[in-house]
Amino acid sequence: MIREGQAKVLKSLLDTDKGEDIARLLPVLDAKSGELKRSLQDAEYIEGGINRLLEGLEGGIRDFSIPDGYREVERYFVNKPYAVVSILYNDDRDEYLYYVVEPRISEVESFFLADIEDKLGITLLFTEVEEGVKGGKKEKILRKKIEEVVERYHIEFESASLRKISYYLVRDLIQFGKIDVLMRDRFVEDISCDGYNIPVYVYHWIYGSTATNIAFNEPELDSFVVKIAQKGGKHLSLSEPMVGITLEDGSRAQLSLGSEITTRGSTFTIRRFREVLITAADLIRWGTFTPEEMAYLWLCVENGKSILFVGGTASGKTTSLNAIALFMPQSAKIVTIEDTRELRLPHENWIPGVTRTSFMGSERGTVDMYELLKVALRQRPEYLIVGEVRGKEAMTLFQAMSTGHTSFSTFHADSVDATIHRLEYPPLSIPRSMLQALDIFSIQAQVFIGNQRVRRNLEITENLGIDPTTRNIKTRRIFEWNPAKDTFDGLNIPLPAMGKSNSHVTIMVSEVLKEIGRFNGWSGSQLSNEFKTRAQLLKLMAEREVTPQEFISTIRTFQANPEKAKKEYGI
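Using my numbering, the letters of the sequence shown correspond one by one to residues 237 to 807.
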């Protein structure tokens, strides 16, 4: 039981600004926190006091100095309470700075950090090999070994110092070192370093491409890229100075070592794996698609139309592909083929295939997309999804389309004409007669709206087959983005506009929708009603900001019992 006198001492310490007193009190607070809450009458005061103690231990996290010329726009924790990200803005330069703040360590703490790291090295290595652990288990073992080293060598320092030292040891030995905060930040999409002593850049969901206050010198960067390659199970050396890897969390990294092929020094680019599933409702809310465009794609997916998402790097092709894949019936047989596992589906009847490179540096043992695709066709998939078409697998994919397999994929190009040209000519050389099997092109790009970089679906175009007169591929644009107004235009649409729509698709304009109507035996009014109902449902889900789980549940309900889903959303 904490007596009145002890309570007064605690109160005085809670009100102090002295970090040493706070650090000294932490073990007592950890051991007595439950008793404190029971003993002192003012529970609200105690809760506030504990928070102030934690703030004191953050050692400079909250009160760092903002660089001259910048003002703070936003601040948030990453890996709380150890690191803070501050988004700064320079009005004169019109640029953002991604500023990482981590605990300050004193010279004494730096000495102990290096000493413990040295003592840990061999012990940790043998522990990893012996137990064969990955991920979170590594961190647990490391923290246990830190405690053992501290106890064995009778190293004495404050509890707050031990926490900071443990943080840096975990960060540097088993996580991602200087960029660990960036790897943990859910708003960061890409991370890139272009050479020695050059700021690391990130692509932030909200603020776009921005420099950080992190940079690597030559030995640091060379060592870092080799370490990252090892994390991905690959070897990086001056004889093999470039490598692409997949990290444990699914992120993709492209690495180079030295200055021979990248003249500013070693480099790395990491494409983060997004843990949160992106749905059609999210893409509508962000303005990438309209409800009508997604309703159109929904009908196409349900009715077995093949779709190709086209665009440049980081235009959102795979994200859109994954989003429309959620419209596939729950019981459908699905096979996906990727170089790197990116697609995430809630379907149980799903075979996810991933390519494999040879461990011996030769072709023996290699399983590429072409091999996976040949095997996939023997598995009788109802839906076949290829992450990206770029090699000899393209011919097999279009053969699959031609034989009635509904297929979705992505492709690097910037327009429908460029896509057709690339597909028809070497090295892909797809016969024009096979190109007819593709139903829809969806073109995407990163564009600027004012100073903000965003993703937009530039157009959705139908493939009408070969013109009997010219023998060229005929196409018809169904939806088009208007860059002057940041709106989406359709053709002769008598349907109510939603979101950023001006007008949208009529049944008579879309050959694909007319074919879907004929296949289902729908009249024109029935087809129009199916289209409008889906558009309204998607619009409402976007407005309500439903979670991925809620979105998936609603789609499944609609597919099983449309009236029930409509009633839930008041349609």
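Quick reminder that beta carbons are idealized off the backbone N, C-alpha and C, glycines included.
Top-ranked residue by Cα proximity to residue i, from the options
i	options	result
A559	I573, A531, N539, N585	A531
Y661	A630, G701, V462, S678	A630
I506	A636, R407, C429, L493	C429
G548	R422, S651, N765, L620	S651
K750	Y805, D675, T572	D675
W717	L613, D703, I323, R691	R691
A649	F684, T723, Q635, A550	A550
R395	K470, L763, E345	The question names Arg, but residue 395 in the sequence shown is Ser. Cα-wise, what sits closest to S395 is E345.
Pairwise C-alpha distance: residue j and residue i
i	j	result
K628	Q615	20 angstroms
T515	L562	8 angstroms
K553	T526	16 angstroms
L810	D416	Past the edges of the chain, shown from 237 to 807, lies residue 810, and the structure says nothing about it.
K463	Q785	37 angstroms
R340	E383	21 angstroms
E484	L493	21 angstroms
G589	E607	11 angstroms
Q566	I587	14 angstroms
I791	R770	10 angstroms
M605	E574	7 angstroms
E804	T793	10 angstroms
S764	L535	11 angstroms
G757	E766	12 angstroms
Cβ separation of residue i and residue j, assumed to be a contact under 8 angstroms, to the nearest whole Å
i	j	result
V436	T448	5 angstroms
S645	V611	With a Cβ gap of about 17 angstroms, S645 and V611 do not count as contacting.
Y809	Y318	Lying outside 237 to 807, the shown extent of the chain, residue 809 is not represented and no answer is given.
E456	V406	18 angstroms between Cβ atoms; not a contact.
I520	A778	4 angstroms
V336	I427	With a Cβ gap of about 12 angstroms, V336 and I427 do not count as contacting.
V309	I323	5 angstroms
F677	L533	With a Cβ gap of about 12 angstroms, F677 and L533 do not count as contacting.
E618	A568	4 angstroms
Y334	V321	7 angstroms
Own chain partners of residue i with C-beta closer than 8 angstroms, once the 5 adjacent residues on each side are dropped
i	result
N797	none
E747	E698, L700, R712
R500	D430, G431, Y432, I434
G576	The sequence given here places Thr at residue 576; Gly does not occur at that position. Excluding positions up to five away in sequence, the list reads T482, G486, R488, V590, G623.
Cutoff 7 angstroms; reference residue i; Cβ partners in own chain excluding five residues on either side
i	result
S638	M670, A673
G540	T642
Q688	G444
V537	I560, F563, M564
F423	H440, W441, I442
R754	none
L472	V461, V462, A465, V479, L491, L493
T632	Y606, L609, K610
Close-in-space but distant-in-sequence residues of the same chain around residue i (CB under 6 angstroms, 5 per side omitted)
i	result
Y281	Confidence in Y281 is poor, its pLDDT being 40 and thus under 50, which makes the residue's placement unreliable; the coordinate value appears in the next sentence. Contacts found: none.
I679	V546, L694, E695
S789	none
I352	V385
F509	D485, G486, S487
K254	Residue confidence for K254 is low, a pLDDT of 45 falling below 50, so the modelled location carries little weight; the figure read from the coordinates is stated next. Within the same chain, K254 has no close Cβ partners at all.
Cβ of residue i within 8 angstroms of any chain D Cβ
i	result
S402	In summary, chain D is missing from the structure at hand, where a single protein chain is found.
Exercise for the section: Give, in chain order, every unbroken run of the alpha helix (DSSP H) that is at least 4 residues long and sits entirely within the region 523-582. Expected result: Unbroken alpha helix (DSSP H) stretches of 4 residues or longer found wholly inside the region 523-582: 527-538, 553-561, given in chain order.
Practice task
Please list the segments of the beta strand (DSSP E) lying wholly inside the region 427-466, counting only runs of 3 or more residues, in order along the chain.
Solution key: Counting whole runs of 3 or more residues, the region 427-466 contains the beta strand (DSSP E) stretches 437-440, 444-448.
Exercise for the section: Within the region 650-674, note down every full alpha helix (DSSP H) run reaching 4 residues or more, in order along the chain. Expected result: Those alpha helix (DSSP H) runs which fall completely within the region 650-674 and span 4+ residues are 652-660, 668-671.
Problem - Whole runs of the alpha helix (DSSP H) within the region 467-523, excluding any shorter than 4 residues - result: Annotation note: the region 467-523 contains the following uninterrupted alpha helix (DSSP H) runs of length 4 or greater, listed N- to C-terminal: 516-521.
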